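Chemist: Please read through the structure below; I'll follow up with questions.
2 protein chains.
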Amino acid sequence: MKKATVYDIARVAGVSASTVSRILTGSAKVAEEKRIAVENAVKELDYRPNLMAQSLKTGQSMTLGVLTQYLDSPFSNEMLRGVEKALEGTGYVPIVVSGHWNPQQELDRLRLLIARRVDGILILTGHVSQQNLIELSQQVPIVAAGHNINTERVRSYNVNSRLGGYMATRYLLDLGHTQIAHIVGLADQKDAIERLHGYRQALTSAGIAFDPALVVQGDFCEVGGRDAIKQLVASGRPFSAVFCANDQTGYGALLGLRENGLSVPEDVSLIGFDDLPFSTFSNPPLTTVKQPIYETGVKLAKTLLGLIEGSEESDSIELQDELPELTIVARQSTRPFVE
Amino acid sequence: MKKATVYDIARVAGVSASTVSRILTGSAKVAEEKRIAVENAVKELDYRPNLMAQSLKTGQSMTLGVLTQYLDSPFSNEMLRGVEKALEGTGYVPIVVSGHWNPQQELDRLRLLIARRVDGILILTGHVSQQNLIELSQQVPIVAAGHNINTERVRSYNVNSRLGGYMATRYLLDLGHTQIAHIVGLADQKDAIERLHGYRQALTSAGIAFDPALVVQGDFCEVGGRDAIKQLVASGRPFSAVFCANDQTGYGALLGLRENGLSVPEDVSLIGFDDLPFSTFSNPPLTTVKQPIYETGVKLAKTLLGLIEGSEESDSIELQDELPELTIVARQSTRPFVE
DNA sequence: CTGTTAGCGCGTTCAT
DNA sequence: ATGAACGCGCTAACAG
Numbered sequence: 001m002k003k004a005t006v007y008d009i010a011r012v013a014g015v016s017a018s019t020v021s022r023i024l025t026g027s028a029k030v031a032e033e034k035r036i037a038v039e040n041a042v043k044e045l046d047y048r049p050n051l052m053a054q055s056l057k058t059g060q061s062m063t064l065g066v067l068t069q070y071l072d073s074p075f076s077n078e079m080l081r082g083v084e085k086a087l088e089g090t091g092y093v094p095i096v097v098s099g100h101w102n103p104q105q106e107l108d109r110l111r112l113l114i115a116r117r118v119d120g121i122l123i124l125t126g127h128v129s130q131q132n133l134i135e136l137s138q139q140v141p142i143v144a145a146g147h148n149i150n151t152e153r154v155r156s157y158n159v160n161s162r163l164g165g166y167m168a169t170r171y172l173l174d175l176g177h178t179q180i181a182h183i184v185g186l187a188d189q190k191d192a193i194e195r196l197h198g199y200r201q202a203l204t205s206a207g208i209a210f211d212p213a214l215v216v217q218g219d220f221c222e223v224g225g226r227d228a229i230k231q232l233v234a235s236g237r238p239f240s241a242v243f244c245a246n247d248q249t250g251y252g253a254l255l256g257l258r259e260n261g262l263s264v265p266e267d268v269s270l271i272g273f274d275d276l277p278f279s280t281f282s283n284p285p286l287t288t289v290k291q292p293i294y295e296t297g298v299k300l301a302k303t304l305l306g307l308i309e310g311s312e313e314s315d316s317i318e319l320q321d322e323l324p325e326l327t328i329v330a331r332q333s334t335r336p337f338v339e
Numbered sequence: 001m002k003k004a005t006v007y008d009i010a011r012v013a014g015v016s017a018s019t020v021s022r023i024l025t026g027s028a029k030v031a032e033e034k035r036i037a038v039e040n041a042v043k044e045l046d047y048r049p050n051l052m053a054q055s056l057k058t059g060q061s062m063t064l065g066v067l068t069q070y071l072d073s074p075f076s077n078e079m080l081r082g083v084e085k086a087l088e089g090t091g092y093v094p095i096v097v098s099g100h101w102n103p104q105q106e107l108d109r110l111r112l113l114i115a116r117r118v119d120g121i122l123i124l125t126g127h128v129s130q131q132n133l134i135e136l137s138q139q140v141p142i143v144a145a146g147h148n149i150n151t152e153r154v155r156s157y158n159v160n161s162r163l164g165g166y167m168a169t170r171y172l173l174d175l176g177h178t179q180i181a182h183i184v185g186l187a188d189q190k191d192a193i194e195r196l197h198g199y200r201q202a203l204t205s206a207g208i209a210f211d212p213a214l215v216v217q218g219d220f221c222e223v224g225g226r227d228a229i230k231q232l233v234a235s236g237r238p239f240s241a242v243f244c245a246n247d248q249t250g251y252g253a254l255l256g257l258r259e260n261g262l263s264v265p266e267d268v269s270l271i272g273f274d275d276l277p278f279s280t281f282s283n284p285p286l287t288t289v290k291q292p293i294y295e296t297g298v299k300l301a302k303t304l305l306g307l308i309e310g311s312e313e314s315d316s317i318e319l320q321d322e323l324p325e326l327t328i329v330a331r332q333s334t335r336p337f338v339e
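Chains as they are written, first to last, in full-length UniProt numbering: chain G, 1 to 339; chain S, 1 to 339.
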């Protein structure tokens, strides 16, 4: 309950508090015997330095704030794995808060992180405005995915969603499909819009007219995918392939198709976006546009670390590790168009 | 960069630091005009109280440590949702660390949390020993899932895994299946062992001899489920139903069966354990033993909060909200045995 | 009602 | 090499 302090250690070890501090932080040479005495005292009292006090003194909390939207989003969690990996051994610990796609809550959470004096903030997804981003960055360095801004204290990284949308659709076209549906992601989300653009672009460049009836709204989640398929089938508009805005949508679509007596890939080919770990295990395994989610997490974290250490090196860090590009991972949910 | 302090506010508002503090914490009556002056200064300087300093003073960090094994485990994340819900509006924020099923790392992380002066610790899964649990609890109150210990500063909650295993198997038996396989969870994990016990018990009470050839090792993950099915099929031992140690195993099994040309539920019935949100969307949707994961998260968090506030009320809290029991959720992965 | 004073636990001068 | 003294930002006790 009552925790030991440096003074307790000092008393037990028969030295002064500063000596204890010196030993613990390794900031100066100390006599071997005293070091041993202190180390024993630390063990005996099960002493843990109070990080709060340390932070107050040093101005560093060794904590990084991470804003995500849902704690249970497989996408964010995969990215978080990368973040965790990059932070390993650095002494920094992430503290994750979620905004639930609610702009006000996002901002509240961000302010909370600042109150906690995190040394930096990582925004995985969200719709904080550029304006807010810059304002907040006066208090703490920020690295954000899904933005296009690079100031001294804000860095961002963006997936080329339009290209991905193009690639997915192109892949389906190359398989001979011409009636290709698209399940859009969240209505006002940037990547969702970009992927739709890519889809249209691929269609156009293949000389196929864009048909609004083949585009249905999803929500980046399983439910949306399932409902979208239902709607699509009900509309009577024939289609032989579907490009889903992300893998989760694809899982829902898989179920929706089954419920309508359609098999994948026999009746309908399906392609997703992201390549979540689970996509190897969906039934059937999902063909998808692989995005380096994990690597992005690593990169974001490293960039933030660079920003924190001092803006000098951060540029070089950014250059030195380029992210892998988008690629198509062909699995069993797609096949050439027949008949 | 340089953050404003109470003194800055005091200076700008023309009052003393304590008055600022009084207004911000609402700990005493203050003249209306000064309140306004302070509030304006706060806005003007974009002031955020330094939680580090606050903690140092009050001895509370308003932070709860949560130990999980993997950041991307859907099970833990579902429970975490419950925790988040219970913490809403309490001012407490969870900080999540992961142990990766590595005992040493678990302990390290736990100590890290203590160094950060979390006000309490929540252990969602893991294999910290009773011994360690009690030792750590001297420094901070702990609530742990999957343990059987209740001291003044440690509370725990346990799923009745054996009963669940029994229920699952019984359900399959009632459908007429007699050759029922079981994919076990992690080898040395308590719940995994209990579920296996339940499975055997149900078999025995139905007068069916236990056949070791029908029990294969999994790992609580999709991979394990898939591999287990492979192994099972390769062994040549016929079976018409499978009880999977958890839903994730079930998803893998679903794929494994498909890969072996077996359909669910036509050829093989499949039942899982947990009822993860995704089980509604698996292909086909998974019949499973529903465990109140979310509610458990809520309960764990509330219990911990009770422990923190003062051990007096914590008992009543524990009594007043009983958790829902285990139930079978019948979906499309099971059907009566035929032929 | 309000300002002054002290101290939470630590790291870091500054002397010695 | 080591101890004493100070201050990080804040709140609480004590005067007034």
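C-beta: ideal position from N, C-alpha, C; glycine also. Bear in mind the structure is a predicted one, so any value in this text is a computation, not a measurement.
Anyone know if the C-beta pair for Gln-139/S and Lys-3/G falls short of 8 Å?
Modeler: Translated into the one-based positions of the second sequence, residue 139/S becomes position 139. Translated into the one-based positions of the first sequence, residue 3/G becomes position 3. Result yes, Cβ atoms of Gln-139/S and Lys-3/G sit closer than 8 Å.
Chemist: Give me the Cα-Cα distance between Gly-176/G and Gly-236/G, rounded to the nearest whole angstrom.
Modeler: Against the first sequence, residue 176/G aligns to sequence position 176. Against the first sequence, residue 236/G aligns to sequence position 236. The alpha-carbon atoms of Gly-176/G and Gly-236/G are separated by roughly 21 Å.
Chemist: For the 8 Å Cβ check, are there 3 or more pairs between the stretch 8–28 of chain G and the stretch 38–51 of chain G?
Modeler: Because the criterion of three Cβ pairs below 8 Å is met, the stretch 8–28 of chain G and the stretch 38–51 of chain G touch.
Chemist: Let's test the definition: count the other Cβ atoms within 10 Å of the Cβ of Ser-222/G and tell me whether it reaches 16, buried, or not, exposed.
Modeler: The residue you call residue 222/G lines up with position 222 of the first sequence. For clarity, residue 222/G is Glu in the given sequence; the question names Ser instead. Glu-222/G comes out buried.
Chemist: Please name the residue, chosen from Ile-114/S, Leu-80/S, Ser-279/S and Leu-110/S, that lies closest to Ser-98/G on a Cα-to-Cα basis.
Modeler: The sequence position of residue 98/G within the first sequence is 98, counting from 1. Among Ile-114/S, Leu-80/S, Ser-279/S and Leu-110/S, the Cα nearest to that of Ser-98/G belongs to Leu-80/S.
Chemist: Ile-229/S by DSSP, collapsed to three states: which one?
Modeler: As a first step, residue 229/S must be located in the second sequence, where it is residue number 229. Helix, per DSSP.
Chemist: Tell me, please, whether the CB atom of Gly-252/S is closer than 8 Å to any CB atom in chain G?
Modeler: As a position in the second sequence, residue 252/S is number 252, starting the count at 1. Judged by the 8 Å Cβ criterion, Gly-252/S is in contact with chain G.
Chemist: Alpha carbon to alpha carbon, what distance is there between Ile-271/G and Phe-337/G?
Modeler: If you number the first sequence from 1, residue 337/G lands on position 337. If you number the first sequence from 1, residue 271/G lands on position 271. Going from the Cα of Phe-337/G to the Cα of Ile-271/G covers about 14 Å.
Chemist: Please confirm if Asp-315/S has its CB atom under 8 Å from at least one CB of chain G.
Modeler: Walking along the second sequence from the start, residue 315/S turns up at place 315. Residue confidence is low: Asp-315/S scores 47 on pLDDT, short of 50, so the model does not pin down where it sits. No coordinate-derived value is stated.
Chemist: Report the residue from Asn-77/G, Ser-61/G and Val-66/G whose alpha carbon sits nearest the alpha carbon of Leu-112/S.
Modeler: Counting from one through the second sequence, the residue named residue 112/S turns up at place 112. It is Ser-61/G whose Cα lies nearest to the Cα of Leu-112/S.
Chemist: Is Ile-142/G close to chain S? Criterion is C-beta to C-beta, closer than 8 Å.
Modeler: For this step, residue 142/G is matched to residue 142 along the first sequence. It does not; no Cβ of chain S falls within 8 Å.
Chemist: Can you tell me whether Pro-324/G is buried or exposed? The criterion is at least 16 other CB atoms within 10 Å of its CB, across all chains shown.
Modeler: Here residue 324/G refers to the residue found at position 324 when the first sequence is read from its first residue. By the 10 Å Cβ count, Pro-324/G comes out exposed.
Chemist: In whole angstroms, give me the CA-to-CA distance for Glu-106/S and Glu-135/G.
Modeler: Within the second sequence, residue 106/S is the residue found at index 106, counting from 1. Within the first sequence, residue 135/G is the residue found at index 135, counting from 1. Approximately 38 Å between the Cα atoms of the pair.
Chemist: Could you tell me which chain S residues have their CB closer than 8 Å to the CB of Asp-72/G, listed as they occur along the chain?
Modeler: If you number the first sequence from 1, residue 72/G lands on position 72. In chain order: Pro-74, Asn-77, Glu-78, Leu-80, Arg-81 and Pro-277.
Chemist: Which residues, in order along the stretch 282–298 of chain G, keep a beta-carbon less than 9 Å from a beta-carbon of chain S?
Modeler: Result list: Ser-282, Asn-283, Pro-284 and Pro-285.
Chemist: Measure from the alpha carbon of Arg-335/G to the alpha carbon of each residue in Val-242/G, Gly-306/G, Phe-273/G and Leu-305/G, then state which is nearest.
Modeler: Numbered from its first residue, the first sequence carries residue 335/G at position 335. For Arg-335/G, the nearest C-alpha among the options comes from Val-242/G.
Chemist: Strictly under 8 Å for the Cβ-Cβ distance: is Pro-49/S near chain G by that measure?
Modeler: Numbered from 1 along the second sequence, position 49 holds the residue referred to as residue 49/S. At least one chain G Cβ lies under 8 Å of Pro-49/S.
Chemist: Whole-angstrom Cβ separation of Asn-77/S and Asp-72/G, contact assumed at under 8 Å?
Modeler: As a first step, residue 77/S is located in the second sequence; it is residue number 77 there, counting from the start. As a first step, residue 72/G is located in the first sequence; it is residue number 72 there, counting from the start. Rounded, the Cβ-Cβ distance is 4 Å, consistent with contact.
Chemist: Between the alpha carbons of Leu-214/S and Gln-231/S, how many angstroms are there, rounded?
Modeler: For the purposes of this step, residue 214/S is taken as residue 214 along the second sequence, with counting starting at 1. For the purposes of this step, residue 231/S is taken as residue 231 along the second sequence, with counting starting at 1. Whole-angstrom Cα-Cα distance: 10 Å.
Chemist: What is the residue span of the alpha helix (DSSP H) that Ser-18/S lies within?
Modeler: Here residue 18/S refers to the residue found at position 18 of the second sequence. First-last of the alpha helix (DSSP H) with Ser-18/S: 17–25.
Chemist: If you drop the 5 nearest sequence neighbours on each side, which residues of the same chain put their C-beta closer than 6 Å to that of residue 364/G?
Modeler: Any answer about residue 364/G is impossible in this case: the structure gives chain G only from 1 up to 339.
Chemist: Tell whether a beta-carbon distance below 8 Å holds between Ala-202/G and Thr-249/G.
Modeler: Translated into positions along the first sequence, residue 202/G becomes position 202. Translated into positions along the first sequence, residue 249/G becomes position 249. In this structure, Thr-249/G does not lie closer than 8 Å to Ala-202/G by Cβ.
Chemist: Tell me, please, whether the stretch 145–165 of chain S touches the stretch 114–133 of chain S by the rule of three or more beta-carbon pairs shorter than 8 Å.
Modeler: The stretch 145–165 of chain S vs the stretch 114–133 of chain S: in contact.
Chemist: Taking the alpha carbon of Tyr-251/G as the point to measure from, which residue in Asn-260/S, Phe-278/S and Gly-252/S has its own alpha carbon closest?
Modeler: Here residue 251/G refers to the residue found at position 251 of the first sequence. If we check each option's Cα against that of Tyr-251/G, Phe-278/S comes out closest.
Chemist: Could you check how far apart the C-beta atoms of Thr-63/G and Asp-119/G are, in whole angstroms? I think they sit under 8 Å.
Modeler: Working through the first sequence from its first residue, we reach residue 63/G at position 63. Working through the first sequence from its first residue, we reach residue 119/G at position 119. Indeed they touch by this definition, with Cβ atoms about 6 Å apart.
Chemist: Which value, in whole angstroms, describes the spacing of the CA atoms of Thr-5/G and Gln-189/G?
Modeler: On the first sequence, position 5 is the one that residue 5/G refers to. On the first sequence, position 189 is the one that residue 189/G refers to. Between Thr-5/G and Gln-189/G, the C-alpha separation is close to 50 Å.
Chemist: Can you give me the start and stop residues for the alpha helix (DSSP H) that Tyr-166/G sits inside?
Modeler: Residue mapping note: residue 166/G aligns to position 166 of the first sequence, counting from 1. Run containing Tyr-166/G: 161–174, per the alpha helix (DSSP H) assignment.
Chemist: With a threshold of 8 Å between beta carbons, is Ala-115/G in contact with chain S?
Modeler: Position 115 of the first sequence, counting from 1, holds the residue named residue 115/G. Output row for Ala-115/G: interface = yes.
Chemist: Give the straight-line distance between the Cα atoms of Ala-31/S and Gly-306/G, rounded to the nearest whole angstrom.
Modeler: As a first step, residue 31/S must be located in the second sequence, where it is residue number 31. As a first step, residue 306/G must be located in the first sequence, where it is residue number 306. Looking at the two C-alpha atoms, the distance is approximately 47 Å.
Chemist: Pick out the complete alpha helix (DSSP H) segments inside the stretch 191–218 of chain G, 4 residues or longer, and give them in chain order.
Modeler: If we require 4 residues or more, the stretch 191–218 of chain G turns out to have no alpha helix (DSSP H) run fully inside it.
Chemist: What number of angstroms, rounded off, separates the C-alpha of Tyr-171/G from the C-alpha of Ala-181/G?
Modeler: Within the first sequence, the letter at position 171 stands for residue 171/G. Within the first sequence, the letter at position 181 stands for residue 181/G. Spanning the two alpha carbons is a distance of roughly 13 Å.
Chemist: Which term fits Ile-36/S, buried or exposed, when burial requires 16 or more other beta carbons within 10 angstroms of its beta carbon?
Modeler: Counting from 1 along the second sequence, the entry for residue 36/S is found at position 36. Its Cβ having fewer than 16 others within 10 Å, Ile-36/S is exposed.
Chemist: With 8 Å as the threshold, decide whether the Cβ of Gln-139/G is near any Cβ in chain S.
Modeler: Residue numbering aside, residue 139/G sits at position 139 when the first sequence is read from its first letter. Yes - at least one Cβ of chain S is within 8 Å of the one on Gln-139/G.
Chemist: Under a CB-based cut-off of 8 Å, is Ala-53/G close to chain S?
Modeler: For this step, residue 53/G is matched to residue 53 along the first sequence. It does: the Cβ of Ala-53/G has a partner Cβ on chain S nearer than 8 Å.
Chemist: Using only CA atoms, which one of Val-20/G, Thr-151/G and Glu-309/G lies nearest to Gln-131/G?
Modeler: As a position in the first sequence, residue 131/G is number 131, starting the count at 1. It is Thr-151/G.
Chemist: Exposed or buried, Tyr-199/G, counting other C-beta atoms within 10 Å across all chains shown (16 or more means buried)?
Modeler: By 1-based counting over the first sequence, the position of residue 199/G is 199. Burial call: buried.
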